[in-house]
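Student: This is the structure I want to talk about, given as structure tokens.
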Amino acid sequence: MRNNIFTILKKELRRVFLDRKLAFTVFIMPGLTIAILYSVMGGMIEKTGDDAMDHVALVKTINVPSAFSDIASELYGDGMDVLPISIMDTEVAKKEVEAGDIDVLVIFREGSPAAIERYTNSVKDFSVRAGYMIDGIIDSMRLEVLGEKLGGIEETIIYNFTQIDLAKAEQRAGKAIGMLLPMLLTVFLFAGAMQVGMDIIAGEKERGTLSTMLLTPVKRSHIAIGKMLSLAIISLASCLSSLAGVLLSLPFSNSMFGGGFNVSDIAYSISDFALLIVQMIFMAVLFVSIICAMSALARNIKEAGGFIVPAYMIVLLMSMSSMFVRPEGLWGYFIPVYGNLLSIKDILMFEYKVVPGFAAIFSTLVFAGVMAFLMVRTFNSERIMKSA
């Protein structure tokens with residue numbers, strides 16, 4: 329049995345690794361593409377932030393007190409240009425805000441209390457940012473007026489409020505990485521398995537090569553298990569290539585992960601990486617079992633794609649939900665895929681615990697076992713495999 333499975337395993341791996349184009353597509357191109365793409369995207373995000381910081385906010389004002397310009401100069405210096413205009417030019421200034429020619433229009437209307445109108449354009453990033461700057465100016469003016477009524481600005485201070493973040497630098501980095509990377513790993517694992525998985529079963533059915541293999545003395549269950557194990561190795565290798573691409577791009581793309589940390593803050597140990605790889609291995613086995621079972625049911629690659637894509641969408645939805653929803657207790661770890669994602673997130677955020685981690689592995693093994701059993705039953709069914 330072991331020799332038969334190993335023979336099938338070796339045959340499938342040889343077919344992928346000896347095909348230079350396929351090997352490049354599966355193992356090299358994902359990591360290379362992701363490293364370049366994420367670096368470029370990270371650079372563009374950082375450039376957008378730099379442009380916002382360098383932009384001089386252009387603000388037109390009507391009937392504003394002189395204190396407005398003084399506070400604007402004190403808070404933002406050359407970062408804001410305040411231009412007083414006549415009330416007669418109100419409609420013209422509104423159109424300029426709409427067109428993006430100016431960032432904000434501020435109108436003070438006399439009364440008790442006085443009314444302040446702030447006009448911005450929510451689809452213009454510079455206008456939105458300038459609006460927040462105006463809010464800061466108005467808050468400062470409010471404090472000054474309140475201070476005059478109370479006898480001094482110091483009278484407005486009720487508490488000396490200090491914020492102290494006790495989180496370590498590596499924990500902040502872990503939280504940022506743990507928000508997005510689990511979803512990316514899920515996509516990499518499933519996509520890597522899907523690319524080859526449809527071909528080694530449904531593709532061989534379509535070409536007629538699987539029927540030849542089924543006529544050999546090797547048990548069909550051994551053929552199914554050998555194909556599944558080879559695909560798991562291919563999927564994991566493809567995912568590791570993609571993960572390497574992400575890690576290589578981090579010096580340029582950390583803004584994609586929320587920023588707020590330096591690459592030097594990342595302090596994962598060898599045991600952390602080992603735990604991560606273990607969870608990835610079990611996820612790869614699970615995805616491969618799903619893909620192989622569905623591919624075995626299909627008559628050709630096109631039909632296999634129709635079966636597998638909905639499963640891919642469900643997996644993608646679960647991976648996205650893990651970014652925002654975290655259930656209380658252990659029950660979430662018993663959900664296949666979702667539990668693995670929670671465990672990976674725990675590892676990346678330095679919060680991993682043994683019991684939840686084993687709960688995720690257990691649920692994954694049970695579900696993968698069921699799918700593998702269905703795959704073997706499919707291989708043993710002449711009615712289903714007759715199209716081979």
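Residues 329 to 716 in my numbering are what the sequence shown lists, from first letter to last. In this text, a Cβ means the ideal position worked out from N, Cα and C, and glycines have one as well. Nothing here was measured: the structure is a model prediction, and the numbers come from that model.
1) Where does THR717 sit, in a helix, a strand or coil, going by DSSP?
2) Using a 10 Å radius around the Cβ and a threshold of 16 neighbouring Cβ atoms, would you call LYS533 buried or exposed?
3) Identify, in the order they occur along the chain, each residue of the same chain with its Cβ nearer than 7 Å to the Cβ of LEU576, setting aside the five sequence neighbours on each side.
4) Do you know offhand how far VAL546's Cα is from LYS555's?
5) Where does ASP431 fall in DSSP's three states?
6) Taking all protein chains shown into account, decide if GLU710 is buried (16 or more other Cβ within 10 angstroms of its Cβ) or exposed.
7) Can you name the start and end residues of the beta strand (DSSP E) that ILE528 belongs to?
8) Just to confirm the assignment, what range does the alpha helix (DSSP H) spanning THR389 have?
9) In terms of alpha-carbon separation, which member of LYS388, ARG470, PHE355 lies closest to ALA395?
10) The beta strand (DSSP E) spanning VAL323 covers which residue range?
11) Would DSSP call ARG446 helix, strand or coil?
12) Please name the residue or residues paired with PHE436 in a DSSP beta bridge.
13) Along the chain, where does the alpha helix (DSSP H) that runs through ALA552 open and close?
14) To the nearest angstrom, report how far apart LYS503 and ASP593 are at their CA atoms.
15) The alpha helix (DSSP H) that contains SER397, what's its start and end?
16) Looking only at C-alpha atoms, which of MET526, MET622, SER539, VAL515 sits nearest to LEU644?
17) Buried or exposed: THR490, going by 16 or more other Cβ atoms within 10 Å of its Cβ?
18) Cβ of GLY525 within 8 Å of Cβ of LEU559?
19) Counting C-beta neighbours from all protein chains within 10 Å, is the total for PHE652 16 or more, i.e. buried, or is it exposed?
20) Per DSSP, what kind of secondary structure is TYR366 in: helix, strand or coil?
21) Please list the terminal residues of the continuous alpha helix (DSSP H) segment that includes TYR661.
22) Is the beta carbon of ASP674 closer than 8 Å to that of PRO684?
23) May I ask which residues mark the beginning and end of the alpha helix (DSSP H) holding PRO684?
24) Please report the residue range of the alpha helix (DSSP H) in which LEU474 lies.
25) List the endpoints of the continuous alpha helix (DSSP H) containing LEU614.
26) Can you give the Cα-Cα distance for GLY657 and LEU603, rounded to whole angstroms?
27) Does the segment 625 to 638 come within contact of the segment 681 to 697, defined as at least 3 CB pairs closer than 8 Å?
28) Between the segment 425 to 441 and the segment 398 to 405, are three or more C-beta pairs nearer than 8 Å?
29) Between the alpha carbons of ILE619 and ALA530, how many angstroms are there, rounded?
30) Could you give the DSSP three-state label for LEU346: helix, strand or coil?
31) How close, in whole Å, do the beta carbons of VAL432 and VAL384 come, if the pair is a contact with beta carbons under 8 Å?
32) Taking the alpha helix (DSSP H) that MET634 falls in, what are its first and last residues?
33) Nearest-angstrom Cα distance between GLY439 and ILE390?
34) Quick one, are the C-beta atoms of SER563 and GLY520 less than 8 Å apart?
35) So for PHE334, helix, strand or coil by DSSP?
36) Just verifying my parser: in three-state terms, what is the DSSP assignment at PRO545?
Tutor: By the coordinates alone:
1) Since the displayed the chain opens at 329 and closes at 716, residue 717 lies outside it and no answer follows.
2) buried
3) ALA363
4) 13 Å
5) coil
6) exposed
7) Unbroken run through ILE528: none, as it is neither H nor E.
8) No alpha helix (DSSP H) contains THR389, which is instead part of the beta strand (DSSP E) from 385 to 390.
9) ARG470
10) A question about residue 323 goes unanswered here, because the residues of the chain that appear run from 329 up to 716.
11) strand
12) ILE444
13) 548 to 581
14) 12 Å
15) 394 to 404
16) VAL515
17) exposed
18) yes
19) exposed
20) helix
21) No alpha helix (DSSP H) contains TYR661, which DSSP labels as neither H nor E.
22) yes
23) 682 to 707
24) 453 to 478
25) 598 to 625
26) 21 Å
27) no
28) no
29) 10 Å
30) coil
31) That belief does not hold up - the Cβ atoms of VAL432 and VAL384 are roughly 12 Å apart, past 8 Å.
32) One detail in the question is off: residue 634 reads as Gly in this sequence, not Met. Here the alpha helix (DSSP H) through GLY634 covers 629 to 652.
33) 15 Å
34) yes
35) helix
36) coil
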